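Below: the structure, in C-alpha cells.
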Amino acid sequence: MNYKFAYSIGFHPWEDAERHNPFVEKITKIFEREESGKTAPFGKALDIGCGSGIWAISLAQRGWDVTGVDIVDKALQRAEERIKNESVDVKLVKDDVTELHKIGNGYKLLLDTGTFHGLSSSQRIAMGKAINNIAAQDAIILLLVWDPKWRAFLPSGASRKEIEMCFPNWAITHVEPAADKPEAIYKILKANEQWYRLCRK
8 MNYKFAYSIG
18 FHPWEDAERH
28 NPFVEKITKI
38 FEREESGKTA
48 PFGKALDIGC
58 GSGIWAISLA
68 QRGWDVTGVD
78 IVDKALQRAE
88 ERIKNESVDV
98 KLVKDDVTEL
108 HKIGNGYKLL
118 LDTGTFHGLS
128 SSQRIAMGKA
138 INNIAAQDAI
148 ILLLVWDPKW
158 RAFLPSGASR
168 KEIEMCFPNW
178 AITHVEPAAD
188 KPEAIYKILK
198 ANEQWYRLCR
208 K
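For the sequence shown, the numbering used here assigns the number 8 to the initial residue and increments by one for each residue that follows.
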C-alpha cells in the first residue's frame, strides 16, 4: 500500500480506530496485560508506522518512553500537532520501517497497528530483520494484521505462516481478534483483523 499517496489525498481511515470503542477496549486490555506486575516507567516503546501518533501518545500517557517512526512527512506533521496538543513526550523519527537505522535500540515494546500487512513480501522480510536488530532481548511485538486477501489499493493482509517467516527468531504466543465487535467495513473487506503477540524464542 502506498501510504505517502494515501496521506497526500487525505485517506487514512485507520486513524478512526480511536473512535471505535471495541477496538480501543481491546488494545487497552492488551497494553494492560503487557504492563501487569510492572511499575512505570515501563521502558522504551516503538510505534512502527505511527501515523498521526494516536497510539504513541496513548503509550506515553501510560508511562512508556515512546518513539514514533514513519516515512510519511504529512503523517509526522499530524503526529507533531497531536503530541503538542496532548502535552506528552514522544520522539518522532522519519525512517523507513524496513531499515530503522535512526532510532537506536533496546525497545521492550514494538507496536504495529497496520504497517506490516500493507508491505510487499520483500519489505516485510526486511522489516522483520530491522525489528530483530533494535528490539531488547525481552521485547514483545504487538502486530495488527488482516487476513490475506487481494483488496486493490488496501493492505493485502498476511497469514500466520508469513509472519513466522518474517520473524524467524520470534514465537507467536497469542492471536486474538482486534475487537469483540468489528466495524461493518471490516466485515465487508473480510479483514478478520487479528492481534499477534510475539516474543523472542
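Just so it is clear, CB atoms sit at the ideal spot from N, CA and C, and this is done for glycine as well.
None of the values given here were measured: they were computed from a predicted structure.
CB of residue i within 8 Å of CB of residue j, strictly
{"i": "Q68", "j": "V95", "result": "yes"}
{"i": "L117", "j": "L53", "result": "yes"}
{"i": "A165", "j": "V152", "result": "yes"}
{"i": "R45", "j": "D72", "result": "Looking at the sequence shown, residue 45 is not Arg but Lys. No, these two residues do not count as a Cβ contact at 8 Å."}
{"i": "G141", "j": "V97", "result": "In the sequence on display, residue 141 carries Ile and not Gly. Their beta carbons are not under 8 Å apart, which means I141 does not touch V97 by this criterion."}
Cα-Cα separation between residue i and residue j, rounded to whole angstroms
{"i": "I78", "j": "E106", "result": "11 Å"}
{"i": "I147", "j": "C206", "result": "5 Å"}
{"i": "H108", "j": "K136", "result": "12 Å"}
{"i": "A185", "j": "F123", "result": "15 Å"}
{"i": "V31", "j": "T180", "result": "21 Å"}
{"i": "N139", "j": "A86", "result": "25 Å"}
{"i": "G56", "j": "A133", "result": "15 Å"}
Where the beta strand (DSSP E) containing residue i begins and where it ends
{"i": "E183", "result": "W177 to P184"}
{"i": "W62", "result": "No beta strand (DSSP E) holds W62; the alpha helix (DSSP H) holding it covers I61 to R69."}
{"i": "C173", "result": "Not the beta strand (DSSP E): C173 falls in the alpha helix (DSSP H), residues R167 to C173."}
{"i": "I148", "result": "A142 to V152"}
Local Cβ density within 10 Å of residue i, reported as buried at 16 or more and exposed below that
{"i": "T74", "result": "buried"}
{"i": "K156", "result": "exposed"}
{"i": "R40", "result": "exposed"}
{"i": "A47", "result": "exposed"}
{"i": "A178", "result": "exposed"}
{"i": "K101", "result": "exposed"}
Residue(s) in a DSSP beta bridge with residue i
{"i": "C57", "result": "Looking at the DSSP assignment, C57 forms no beta bridge with any residue, so it has no partner."}
{"i": "G75", "result": "D54 and L99"}
{"i": "Q201", "result": "V152 and P184"}
N- and C-terminal bounds of the alpha helix (DSSP H) containing residue i
{"i": "L219", "result": "In this structure the chain extends from 8 to 208, so residue 219 is not present and cannot be described."}
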